[in-house]
Each structure stands twice: as C-alpha cells, then as structure tokens.
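Colleague: Sequential numbering from 28 applies to the sequence shown in my numbering. For every residue, glycine included, the Cβ atom is placed at its ideal position computed from N, Cα and C. Questions regarding the structure given below will be posed in turn.
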Amino acid sequence: GGTELVFLHEGLGSITQWRDTPEAIANACGRPALVYARAGYGHSTPVTVPRPLTYMHDEAALLPSVLAAAGIRDSILVGHSDGASIAIIAAGHVKPRALVLIAPHVFVEDISVESIARAADAYRTSDLRAKLARHHADVDGAFWGWNRAWLDPGFRSWNLEALLPAITAPVLVVQGERDEYGTRAQVDAIARQSGGPVEVAMIDGAGHAPFRDAPAAVHARIARFITAQSTS
28 GGTELVFLHE
38 GLGSITQWRD
48 TPEAIANACG
58 RPALVYARAG
68 YGHSTPVTVP
78 RPLTYMHDEA
88 ALLPSVLAAA
98 GIRDSILVGH
108 SDGASIAIIA
118 AGHVKPRALV
128 LIAPHVFVED
138 ISVESIARAA
148 DAYRTSDLRA
158 KLARHHADVD
168 GAFWGWNRAW
178 LDPGFRSWNL
188 EALLPAITAP
198 VLVVQGERDE
208 YGTRAQVDAI
218 ARQSGGPVEV
228 AMIDGAGHAP
238 FRDAPAAVHA
248 RIARFITAQS
258 TS
C-alpha cells in the first residue's frame, strides 16, 4: 500500500549511476522506492542497436507492466534526462500521483545535439568508455544505442509538448543552471504547457546530473516536494 517512488534513469544510466539518490530521497520521505535498469543498460537484458527513434515511447509503454510486476498501483515518477522524458510520456499510461523531472527534454535543442556529438568523440578517445563499463554489461550497446538515436537526423522532430496539457498531476522540474544538454527553454515549456501545477528548482552551479553535483540540495528539494504531495 501507499505511494511508491519509481526512479527512471538517464540515457546512459543504470541503477548504480543514481548513487545514493533513491535511498536518500526515499528515507527522507518515508516512502518505498523502485529503481530498475531498462533493457540495454546496467545488467538488464541487452538490446540490438540501432535503437528505434521511438525508444523512449516504447519504454513508456512498458512501464505499466513493470509497475504491475512490482505490485505498484500508486506511484510518483522520478526521472532523469531520458528517464524524465519517459515519465512525461508514461504519465498518460500510469496516472502517477506526481512527477519529478530532473533535466528533462521535451524537444531537441542544438545544445543537446552538440553535447551528444562531443560525447561520441569522448567515448572513442577518452576514458569515458572505461568509466561507463563499470556500470554496464554491454557498454557499447548502451552508449551507441542512446548516442545514435539522438544524432539521427530523423530525431530532430522528436517532441513531447503535445503531451503536457494532459498531465494534471503536480510536477517538480529540477535543472542545473549549467546543464550541458538542455537550456531553460525545456523547463519553461513544461511550466507553461503542463495541465497541472509546476514547481521549478534551478540548481546553481550544477550540470546535467544535479543530484550528483549538489546532492544535499537536490535531495532535500525533491523530498520536500514529495512529502507535500502525500499530505495534500
């Protein structure tokens, strides 16, 4: 019984890359949490690359069966990057009590494409691959599946804005002021177009993973939002 927190990781993420964020927030709220790795990430089932450009919609369509398998009827979705976009898409399927969207994307910006192209160079030439390999059984599948989808010319038209008016559950958007993958335009679009109340927390000095750059501040802000939902 009760509302469970469901954590949806980023496009290069896995269970371990959340670090202690799920535990810290769950403990602060007194709520159980589900943290899982999607297919192709961490130690979950591998996927074939290239991924379809609909891969986030496909994952959102699977979320009801994931929640059913975990026995979760009442959820708050906490998504980061791709996971936040999946939460937006899935909101229509699972009717969450609230959404926490960390560094979300609802459309493709030049800054996103430029940073993702730079990530491909870093993956080929730096220690990025070795770092990611600590978290993923099939690191090449995880990386290139994400990277090639976002860099596909057909992906430029990907857009979730039409889904926002139907989201009536309360939303908290958390974005680092120095997010290298998206601008404040993402936050403003969600705040302007969502069908329910939206709170915005811009995290000073933080990048695309504000819970890694400023954990104490981000954990406290998210916990405050979640606690307010359960008392309302």
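(1) According to DSSP, is HIS107 helix, strand or coil?
(2) Mind checking whether SER92 and PRO123 have CB atoms under 8 angstroms apart?
(3) Under 8 angstroms, do LEU61 and ILE115 count as touching if we go by C-beta distance?
(4) Tell me whether the segment 175 to 194 and the segment 125 to 135 touch, counting them as touching only if at least three CB pairs, one residue from each stretch, are closer than 8 angstroms.
(5) On the criterion of 16 or more Cβ atoms from any shown chain inside 10 Å, does GLY232 qualify as buried, or is it exposed?
(6) Going by alpha carbons, who is nearest to PRO73 out of GLY234, GLN256, ALA236, PHE170?
(7) Under 8 angstroms between the Cβ atoms of ILE113 and GLU141?
(8) Express the C-alpha separation of GLY29 and ASP148 in angstroms, rounding to a whole number.
(9) Would you call the CB atoms of GLY172 and PRO77 closer than 8 angstroms?
(10) With burial defined as no fewer than 16 other Cβ atoms inside 10 Å of the residue's Cβ, what is the status of ARG248: buried or exposed?
(11) Who are the Cβ neighbours of ALA144 in its own chain at under 7 angstroms, not counting the five residues just before and after it?
(12) Whole angstroms are fine: how far does the CA of ARG58 sit from the CA of ASP137?
(13) Please say whether PHE238 and THR48 have beta carbons closer to each other than 8 angstroms?
(14) With distances taken Cα to Cα, identify the nearest neighbour of SER139 among ARG175, VAL166, THR152.
(15) Thinking just about the alpha-carbon of each residue, which of VAL245, VAL166, GLY168 is nearest to the one in TRP45?
(16) Contact defined as beta carbons within less than 8 angstroms: I believe LEU128 pairs with ILE217. What is the distance between those atoms, to the nearest angstrom?
(17) Assuming GLY181 contacts GLU207 under a Cβ cut-off of 8 angstroms, what Cβ separation, rounded to an integer in Å, is found between them?
(18) Could you say which of VAL105, ALA96, PRO79, GLY69 lies nearest to GLU50 if we only look at CA atoms?
Modeller: On the basis of the supplied data:
(1) Collapsing the DSSP output to three states places HIS107 in a strand.
(2) no
(3) It is not a contact, given that the beta carbons lie outside the stated cut-off.
(4) Pairwise C-beta distances place the segment 175 to 194 in contact with the segment 125 to 135, as three or more of them are shorter than 8 angstroms.
(5) exposed
(6) If we check each option's Cα against that of PRO73, PHE170 comes out closest.
(7) no
(8) If I take the Cα positions, the gap works out to 45 angstroms.
(9) yes
(10) buried
(11) Taking C-beta separations shorter than 7 angstroms and ignoring five residues to either side along the sequence, the partners of ALA144 in its chain run LEU178, following chain order.
(12) 38 angstroms
(13) yes
(14) Comparing Cα positions, the closest option is ARG175.
(15) VAL245
(16) 7 angstroms
(17) Not quite, the Cβ-Cβ distance comes to about 23 angstroms (not below 8 angstroms), so this is no contact.
(18) VAL105
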